[in-house]
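Asks: Taken in order, the sequence shown gives residues 21 to 189; the numbers are from my numbering.
Quick one: the structure is below, and I'll ask about it shortly.
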Amino acid sequence: KKYPFLLVSNHPRWRMHAQLDDVAWFREIPTCKVRGPDGYLYEPVWINPADAERLGVKTGDIVKIYNERGAVLGGAYITNRIMSGVVYIDHGARADIISIEDRIDRGGAIDLIAPDKITSKNAAGMVVSGYLVNVEKINLEELRNKYPWVFKRIYHPEAGLCYNSHVGA
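Printed below as a string of structure tokens:
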């Protein structure tokens with residue numbers, strides 16, 4: 021299968037969509053953010069241990085969740101609390117787009133890979149859960165070499181991405 025994992029997503033426990041995403045003491049909670057080797061705080065991607073072993077992924081590794089619509093980076097969080105064949109990531113994270121052309125987000129904003137259909141003809145809500153994806157461990161150095169400006173953005177080690185990273189100072 022091209023996209024063997026079912027992605028499920030709920031409202032985040034530690035924020036309301038992107039609001040409160042910059043609260044430093046929330047970010048200390050392991051299920052709130054995963055600190056990558058580059059110091060960036062990635063959105064946790066829950067992966068079952070059997071799937072993680074098959075993928076060669078351990079907690080703290082940076083993974084790419086992707087489908088035909090794009091890709092989102094996250095920090096692997098290996099747990100038995102998610103069943104095999106399913107990955108979990110909260111929705112509502114702040115976008116930190118690496119490339120519009122290549123459709124890659126570093127902030128964990130799964131809007132990029134979610135279906136563009138609405139939930140039903142009676143409710144125009146976004147479909148944020150229950151679609152197919154694939155997951156793979158990524159090499160941050162390759163991304164840093166391809167998109168060096170992204171890794172030079174102003175980033176607070178506890179609060180995350182700074183406003184003037186995108187707007188300019």
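Think of the CB as a built atom: it goes at the ideal place given N, C-alpha and C, for glycine as much as any other residue.
Just so it is clear, the structure is predicted and the values come from calculations on it, not from any experiment.
Is the CB of residue 161 under 8 Å away from at least one CB in chain C?
Replies: The chain labelled as chain C is not found in the depicted structure, where only one protein chain is given.
Asks: The beta strand (DSSP E) with residue 70 in it runs from where to where?
Replies: It is not in any beta strand (DSSP E) - residue 70 instead sits in the alpha helix (DSSP H) that spans 69 to 75.
Asks: Would you tell me roughly how many angstroms separate the C-alpha atoms of residue 165 and residue 126, rounded to the nearest one?
Replies: Whole-angstrom Cα-Cα distance: 15 Å.
Asks: Quick check: what's the CA-CA separation for residue 116 versus residue 68?
Replies: Cα to Cα, the separation comes out at about 26 Å.
Asks: Pull up the distance between the alpha-carbon of residue 135 and that of residue 59, whole angstroms please.
Replies: Distance between the alpha carbons of residue 135 and residue 59: 31 Å.
Asks: Would you say residue 97 and residue 54 are within 8 Å of each other, going by their C-beta atoms?
Replies: Yes.
Asks: Quick check: the Cα distance between residue 51 and residue 80, rounded to an integer number of angstroms?
Replies: Using only the alpha carbons, I get a separation of about 11 Å.
Asks: Give the straight-line distance between the Cα atoms of residue 34 and residue 111, rounded to the nearest whole angstrom.
Replies: Distance between the alpha carbons of residue 34 and residue 111: 11 Å.
Asks: Tell me the DSSP secondary structure of residue 21 in three-state form.
Replies: In the structure shown, residue 21 sits in coil (DSSP, three-state: anything other than H, G, I, E or B).
Asks: Considering only their Cβ atoms, is the gap separating residue 94 from residue 123 smaller than 8 Å?
Replies: No; because the gap between Cβ atoms is not below 8 Å, this pair is not in contact.
Asks: How should residue 144 be labelled, buried or exposed, when 16 other C-beta atoms within 10 angstroms of its C-beta is the threshold for buried?
Replies: Label assigned to residue 144: exposed.
Asks: Closest by CA to residue 121, which one among 148, 167, 26, 104?
Replies: The option with the nearest alpha carbon to residue 121 is 167.
Asks: If you draw a straight line from the alpha carbon of residue 161 to that of residue 83, how long is it in whole angstroms?
Replies: Residue 161 and residue 83: Cα-Cα distance of roughly 13 Å.
Asks: Pull up the distance between the alpha-carbon of residue 109 and that of residue 27, whole angstroms please.
Replies: Residue 109 and residue 27: Cα-Cα distance of roughly 8 Å.
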